[in-house]
Structures are given as C-alpha cells and as structure tokens.
Amino acid sequence: MNAELITILILGILTVYQIVIFGHDLIVNRNQIKDGNFLVTGVIGFFTNFCDSLGIGSYAPTTMLLKLTKSLKNDKLLPGTLNVACALPVMTEAFLYIGNFKVDGTTLLSMVIAAMIGSFAGAKIVSRLDEKKIEIIVGIALAVTAVLMILSATGVITKLGANNVATGFHGWKLVVACAVNCILGALMSAGIGLYAPCMALVYLLGMNPIVAFPIMMSSCASTMPIAAAEFIKKNEYARMPSIAITLFGCVGVVIAVTFVKSLNLTVLMWLVIAVMIYTSVLMLIEGSKKFRM
C-alpha cells in the first residue's frame, strides 16, 4: 500500500470519526440545538466553503461573518465551532482534489500526520482558554491571515513558487516541513487557518505550486476532526451553526469544484481582506477591554 493511498485511508477514517462523534453529540444533546440561526449560518457556510474551494480559505471569512452576524453567544465557542463545522466540507474538498495532482506520497503522509499531532496538542490547550484570550488570539490570527492574503493577492507568495519543480521533500527539508506543519496544525485548533502559511512553507522549500495543493488541503482536513473531538467533548462549540455550516458548506464545495472552472476573485478577495482587518481590530479591542476589567 503506497503512502498516498494510506493518506486517503486516514482521511476516510477521520471522516467517519467526525460523522460519528458529531452525530452522537447532536442526538444526546438534541434539546440544546437552539443556539443560532440555521439559515444565516447556512448561507455563511455555503459562501465561505465555496470560496475555500477556490483558494480564498474558509476559517477567516467564517470567523468574521459569525462575528458580524452575532451568530455565537460568546467568542469562546469560536475555535470549536470552526473546527466542528468546517471539518466535513474540507474533507469533501480533500477527496475531490487529492487524486488530481501528483505529489510525493511520503511527503504528503508525513506532513498530514505532523499536522494531526499538532492539532491534538493544540486543541487540549485552546479548550482551556477563556473568552478574552480567545478573542486576542483570533484577532491576531485574522490580522496575520489578512497580511498573508494581501501577499497572495499581490502575487508575492505565488512568486515564491514560480520556478519550483519539486514534487516532494527529502532529508532536512522534510523534517522542517513536518515540524512547521505540526505547529500550523496546533494553530488550526485556535481558529488560525493552515492553508496560506502552509502554501508559503512548501513554496519556500521549493515545491511546485501545481502539486502543493493536496498537501495544503489534506493537512487542513486531517486536523479538524482531531480538534473537533476535544471541543465536542468539552461542549465548547455552537451546535446549530455547526450543523448549518456543515450541510451548506458541503454543497458549496461540490458546486465550486464541479461547476466553477474559472472565476475572477480579485474584488471578492480584497473585500474579504478589508472586512477581516475590521473584524481583527474589533476582536482585539473587545479582548483588551476584558483583560482590563
């Protein structure tokens, strides 16, 4: 069995695991599924996961839209809701994309496992943080993501991979890639998207942009069920928004991957960046005020 097939098998097991633990929690707590607007959060899930399939990312846009629509009763639920709600849509993306690009199987499997380890450790830490610390972390995360998106929109990150030909890493490059991906996996559990920093990482190490996508997508997909399990166990996520984002998000992914072959996302990306910066400032101000109380 080759490494790519093992990676697909791992993602398959994680998908079933996510469905089982999420479904079981919803059944056990069916009387508590009243914590959000199904339609509003469903539209958010469709839009952000549609955009995620086209390379914009979903964590940061979902964060800012949940914040702006006041869909969560408190911000402490944000990391858990992101990990639980986006898990199955991103898994769907991974399965739709992973076989379309030829990437070194050992590199793919190693980086996925590293991200999973980071996610497991990160979720343990994040689930213990209070609301004000979550707001500060998410505020900083949105600011960093906005900077990375600006670099992407202006072509800076793309230039990093312009002349790259590698389809995998070996030796010290593989060690560095796995170590950094482990850290990024831990940050994912706090609501900090892995996609953009992972893209910059593999480009800097010399990977061909054409084959980098399965690594970025599979790394994102593999971290979410691991972190989600911890947040579900601690009852630190919003159930109704998670249901809506999961269902509508999967639909958005399928439509984007299946039917959208080309779409000019420049204006949309800059709009997302602008609102993201605003939300970042808002989160930092709210978190800072609570620290002074």
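Under full-length UniProt numbering, the very last position in the sequence shown is 293; numbers go up by exactly one each time. Idealized CB from N, CA, C, for every residue including glycine.
Near Ile183, what residues of its chain come up, given a Cβ to Cβ distance below 7 Å and the 5 sequence neighbours on each side ignored? One-based indexing of the sequence shown puts residue 183 at position 183. Counting only Cβ-Cβ distances below 7 Å, and skipping sequence neighbours, we find Gly118.
The stretch 66-73 touching the stretch 236-243, judged by at least three CB pairs closer than 8 Å: yes
Using beta-carbon positions only, say whether Ser53 and Val257 come within less than 9 Å of one another. In the sequence shown, counting from the first residue as 1, residue 53 sits at position 53. In the sequence shown, counting from the first residue as 1, residue 257 sits at position 257. Yes, they are a contact pair.
Please state whether the Cβ-Cβ distance between Leu11 and Ser222 is less than 9 Å. For the purposes of this step, residue 11 is taken as residue 11 along the sequence shown, with counting starting at 1. For the purposes of this step, residue 222 is taken as residue 222 along the sequence shown, with counting starting at 1. Going by C-beta atoms, Leu11 is nearer than 9 Å to Ser222.
Out of curiosity, what's the CA-to-CA distance linking Ile243 and Met276? As a position in the sequence shown, residue 243 is number 243, starting the count at 1. As a position in the sequence shown, residue 276 is number 276, starting the count at 1. Roughly 24 Å separates the two Cα atoms.
For Ala166, which of helix, strand or coil comes out of DSSP? Locating residue 166 in the sequence shown gives position 166, counting from the first residue. Strand.
Go to Glu93, then tell me how far its alpha helix (DSSP H) extends in each direction, as first and last residue. As a working note, residue 93 is residue 93 in the sequence shown. Run containing Glu93: 78-97, per the alpha helix (DSSP H) assignment.
Assuming Ile218 and Leu108 are in contact, meaning their beta carbons sit under 8 Å apart, how far apart are those beta carbons, in whole angstroms? The sequence position of residue 218 within the sequence shown is 218, counting from 1. The sequence position of residue 108 within the sequence shown is 108, counting from 1. Per the sequence shown, the amino acid found at residue 218 is Ser instead of Ile. So it is a contact: roughly 6 Å between Cβ atoms.
Taking the beta carbon of Ile285 as the centre, do at least 16 other beta carbons fall within 10 Å, making it buried, or is it exposed? Numbered from its first residue, the sequence shown carries residue 285 at position 285. By the 16-neighbour rule on beta-carbons within 10 angstroms, Ile285 is exposed.
Contact between the stretch 164-174 and the stretch 203-219: three or more CB pairs below 8 Å? yes
Segment contact, 8 Å Cβ cut-off, at least three pairs: the stretch 70-77 with the stretch 191-205: Verdict: no, contact absent.
Closer than 8 Å by C-beta to Ala179: which residues in its own chain qualify, once you throw out the five before and the five after it? Chain order, please. Taking the first residue of the sequence shown as position 1, residue 179 is located at position 179. So the list reads Ala114, once near-sequence residues are dropped.
Does the Cβ of Asn2 have 16 or more other Cβ atoms within 10 Å, making it buried, or fewer, making it exposed? For the purposes of this step, residue 2 is taken as the residue at position 2 of the sequence shown. It is exposed - the Cβ of Asn2 has fewer than 16 other Cβ atoms within 10 Å.
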